[in-house]
Amino acid sequence: MGKALGLLPSWYWPEGVQRYLAAPRVAIYELAVNRWARRYGDDTALVRGDETATFRELDETCQRVAAICAERFPDGPPKVALALTSGVDLAPLFLGLLRSNAILLLLESPDEAALNEFGPGLVISDMPGVAGEPPGPWLEEQELAPARPVVADAARPAIALPGRDGLAWHSQASLMSAAMAFAAFLAIEQKDRLLAIRPPGSWEALIALLAPLQAGSPASACDPADEEETARALRNVRPGFAWLDATHAASLLGADSRVGSALREIPACVFVTTQGHFPRHLRRALRHRLRAPVLTVYGFPECGAVAASHPTWYLDDAAGIPMVGVDVLALDPATGQPSEIPWSALSYAGIGAKTQSVAINRRTGLAGGSSEAEQWYATGGHGLLDANGMLFLKP
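Each residue of the sequence shown is one higher than the one before, counting from 912 in my numbering.
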């Protein structure tokens, strides 16, 4: 793989990958489920271990969830906290509640501070340490009146994730922007599978759900807390891309695990989320252990992926290249504001992400580090962006 060595900046970009992408301000349910159910209802929408569900079946389940929500809350859409351990339950509950225009909080672990800040009217939980209704009754077949049509405001803050400084509030448009950017970055096609071995309430799991669905491809789900079930899902689905976080990835270097064995058996690229410097010796050790490319994703709940290794273009000591639709800003370390000096003249700067996927903080109404005039997300990381568009993070 060659590098462009022309004048700064040369901005190498993988062939066939869009640099920018304008995500429409359309409701997630319409983009990811309903339009495909109308056109290609018998196509596979979800792969769940040995089981599959078509777009028509997913649409019917989502409508049933929306109808239950409308019946339970006749005065208007509620605020619902989802604390799920099974990715199998995430898709119909998340998409069905969005169809009913509910405001959602997603948790990947017990978080009392986030629950108190959100103030839910309903908690749906199978997570130890989080009290709430079990998800099962919401997904059971039952006779209900059709859910009333709801016009969703795709630009309204609707999905909250615990962030670095309180809740990060995404609109349906900003979250879908992050998913569409990842799908474009990987050039996801009908045959491709992306499996996030992450808690269902994580931002990675949401992107892994929405990125294929919005493209009309099947999304894959597993129960990440159950290692045996996850290993079985890996062998059955045989994803082209598996997604872990740095802690889980590092644990695969220790005693052999079922997940590690399954990853070695399939030809998958392994994405690893990192929110800071990821040592190249660790990446090389993982690559040797898993016998697969190990690609880092530098990202956050507040803005999705900022930069990622591309399967055709990566260096072991780089975090990756800017994600589709993301401008990586050089921030003055002293002020936290965008620097007037270009990356080509810098050897060290703070890292900011300017993107349609940036979320706001409900307390301030701004993305972290941004101003009233212009919004971006200050990642808190430091490093440099070289002439080839490779982002290097400093420890």
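The beta carbon of each residue, even a glycine, is placed where N, CA and C say it ideally should be.
Note that the structure is a prediction, hence the values are computed from the model and not measured.
Check, Outcome
"What first and last residue would you give for the beta strand (DSSP E) that runs through alanine 1245?", "Neither: alanine 1245 is in no beta strand (DSSP E) and is coded neither H nor E."
"Thinking C-beta only, is alanine 1122 closer than 7 Å to alanine 1094?", "yes"
"Work out the CA separation of valine 1237 and glycine 1263 for me, nearest whole Å.", "10 Å"
"In angstroms with no decimal places, state the Cα-to-Cα distance between valine 999 and alanine 1066.", "27 Å"
"Just to confirm before moving on: does the CB-CB distance between phenylalanine 966 and alanine 956 stay below 7 Å?", "yes"
"Just the C-alpha distance for alanine 915 and leucine 1296, rounded to the nearest angstrom, thanks.", "Only weak support is given to the placement of alanine 915: the predicted model assigns it a pLDDT of 35, under 50, and the question is left unresolved by the model."
"Measure from the alpha carbon of arginine 1109 to the alpha carbon of each residue in Ser1011, Val1181 and Trp1224, then state which is nearest.", "Val1181"
"Can the beta-carbon of leucine 1078 be found closer than 7 Å to that of arginine 1273?", "yes"
"Which residue marks the beginning of the beta strand (DSSP E) containing phenylalanine 1029, and which one marks its end?", "Note, phenylalanine 1029: premise wrong, no beta strand (DSSP E); alpha helix (DSSP H) at 1023-1029."
"Do the CB positions of leucine 1206 and alanine 1092 come within less than 7 Å of each other?", "no"
"Helix, strand or coil for leucine 1016, going by three-state DSSP, please let me know.", "strand"
"Which residues bound the beta strand (DSSP E) around valine 991?", "990-994"
"Spatial neighbours of leucine 1277 within its chain, please: CB distance less than 7 Å, with the 5 preceding and 5 following residues excluded, ordered by chain position.", "Ile1271 and Gln1286"
"So for isoleucine 979, helix, strand or coil by DSSP?", "helix"
"Is proline 1123 helix, strand or coil when you go by DSSP?", "helix"
"Between which residues of its own chain and leucine 919 is the CB-CB distance below 7 Å, once the five residues before and five after are set aside?", "Reliability of the predicted coordinates at leucine 919 is poor, the pLDDT of 39 falling under 50, and the value obtained from them is presented with this limitation in mind. Counting only Cβ-Cβ distances below 7 Å, and skipping sequence neighbours, we find Ser1255 and Ala1298."
"I need the boundaries of the alpha helix (DSSP H) containing tryptophan 947, first residue and last residue.", "946-950"
"Could you tell me the distance, in whole angstroms, from the CA atom of glycine 1171 to the CA atom of threonine 1246?", "43 Å"
"According to DSSP, simplified to helix, strand and coil, what is arginine 1075?", "coil"
"Assign glutamate 1213 to buried or exposed, taking buried as 16 or more other Cβ atoms, counted over all protein chains shown, within 10 Å of its Cβ.", "buried"
"Could you check how far apart the C-beta atoms of proline 1021 and valine 1041 are, in whole angstroms? I think they sit under 8 Å.", "5 Å"
"Rounded to the nearest angstrom, what separates leucine 1226 and arginine 1149 at their Cα positions?", "25 Å"
"Contact between the region 1096-1105 and the region 983-996: three or more CB pairs below 8 Å?", "no"
"I need the DSSP call for tyrosine 940, collapsed to helix, strand or coil.", "helix"
"How would you label arginine 1194, buried or exposed, when you count the other beta carbons within 10 angstroms and need 16 or more for buried?", "buried"
"Count the other CB atoms within 10 Å of the CB of alanine 1116; is the residue buried (16 or more) or exposed (fewer)?", "buried"
"I'd like to confirm the pairing. Which residues does DSSP put opposite histidine 1221 in its beta bridges?", "Trp1224"
"Can you find a C-beta in chain D that's less than 7 Å from the C-beta of isoleucine 979?", "Chain labels in this structure do not include chain D; a single protein chain is all it has."
"Along the chain, where does the beta strand (DSSP E) containing alanine 1107 start, and where does it finish?", "1105-1107"
"Can you give the Cα-Cα distance for isoleucine 1014 and leucine 1174, rounded to whole angstroms?", "36 Å"
"Should serine 1162 be labelled buried (16 or more other beta-carbon atoms within 10 Å of its own) or exposed?", "exposed"
"Look up alanine 1289 in the DSSP assignment and say whether it is helix, strand or coil.", "strand"
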